[in-house]
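Here is the structure we will look at, set down as structure tokens.
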Amino acid sequence: GGTTPDGKMELRNPVGVGFHQARSADPAVKTQAPNITYPGEPFLSPSDRPKPAGFGALGRGWQPRIGYAGTYDQAWIDTQWPLPPADFDLRYNLCTAPDQHLPQFSGHETVSLIGLTATGRWDFRLPRIVAPIRLVYDDRVE
């Protein structure tokens, strides 16, 4: 990730690190190496560009999220606006990395974070949350 002094940007992570000769948009970041990488992802030389990894939110204009936004052109303005375009993909609304897009949770799933905490491993269970919804229409209530 990051942005080079001449403005070249890593669109998958413009505020991160690890993009050769790039600086992070965050002044607190002092390293050029990614802090988190995927197992098996090549990162042996400064020219390697491993896929960004981590649990941070992806900005709306970042890859791959922007690829789900759809086509905003004159045809969209003429036929769809203010609704999303016909090719809008609901995954655009997810700010997590694609490898963290999961099917619907039922609750009580076990999550293990390994190598991301000071203790080395953190296990926890997701809570089961039920959000009742009541829809009120002119002619009925559901």
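When we follow this note's numbering, the leftmost residue of the sequence shown carries the number 9, and every step to the right adds one.
Just so you know, even glycine gets a beta-carbon here, dropped at the ideal spot from N, CA and C.
Quantities reported herein were computed from a predicted structural model and do not represent experimental measurements.
Rank Ile-44, Cys-103, Lys-16 by C-alpha distance to the C-alpha of Gly-123 and give the top, closest one.
Counting from 1 along the sequence shown, the entry for residue 123 is found at position 115. When each option's Cα is compared against that of Gly-123, the closest is Ile-44.
Hey, would you say His-116 sits closer than 8 Å to Leu-134, going by beta carbons?
Indexing the sequence shown from 1 puts residue 116 at position 108. Indexing the sequence shown from 1 puts residue 134 at position 126. Going by C-beta atoms, His-116 is nearer than 8 Å to Leu-134.
Sequence-distant residues of the same chain with beta carbon closer than 7 Å to Asp-81, five excluded per side:
In the sequence shown, counting from the first residue as 1, residue 81 sits at position 73. If we look at Asp-81 and ignore the five residues flanking it on each side, it has no Cβ neighbours.
Measuring alpha carbon to alpha carbon, tell me which residue in Arg-68, Phe-51, Gly-69, Ser-55 is nearest Gly-61.
In the sequence shown, residue 61 corresponds to position 53, counting from 1. Rather than Gly, the amino acid found at residue 61 in this sequence is Ala. Selected option, being the one with the closest Cα: Phe-51.
Quick one: what's Phe-132 bridged to in DSSP?
Taking the sequence shown and counting its residues from 1, the one referred to as residue 132 is at position 124. Per DSSP, Val-119.
Continuous alpha helix (DSSP H) stretch holding Asp-86: start and end:
As a first step, residue 86 must be located in the sequence shown, where it is residue number 78. Here the alpha helix (DSSP H) through Asp-86 covers 82-87.
Out of Thr-79, Trp-70, Asp-95, which has the shortest C-alpha to C-alpha gap to Ala-105?
On the sequence shown, residue 105 is found 97 positions in, with the first residue counted as 1. Per the Cα distances, Trp-70.
Run through the DSSP bridge pairs and tell me what Val-144 is partnered with.
Counting from one through the sequence shown, the residue named residue 144 turns up at place 136. According to DSSP, Val-144 bridges with Val-149.
Around the Cβ of Glu-49, are there at least 16 other Cβ atoms within 10 angstroms (buried) or fewer (exposed)?
Here the question's residue 49 lines up with position 41 in the sequence shown. Per the 10 Å Cβ criterion, exposed.
Under the assumption that Asp-97 contacts Thr-79 (Cβ atoms under 8 Å), give the Cβ distance between them as a whole number of angstroms.
Along the sequence shown, one-based indexing puts residue 97 at 89. Along the sequence shown, one-based indexing puts residue 79 at 71. With 8 Å as the limit, Asp-97 and Thr-79 do not qualify as a contact, their Cβ atoms being about 11 Å apart.
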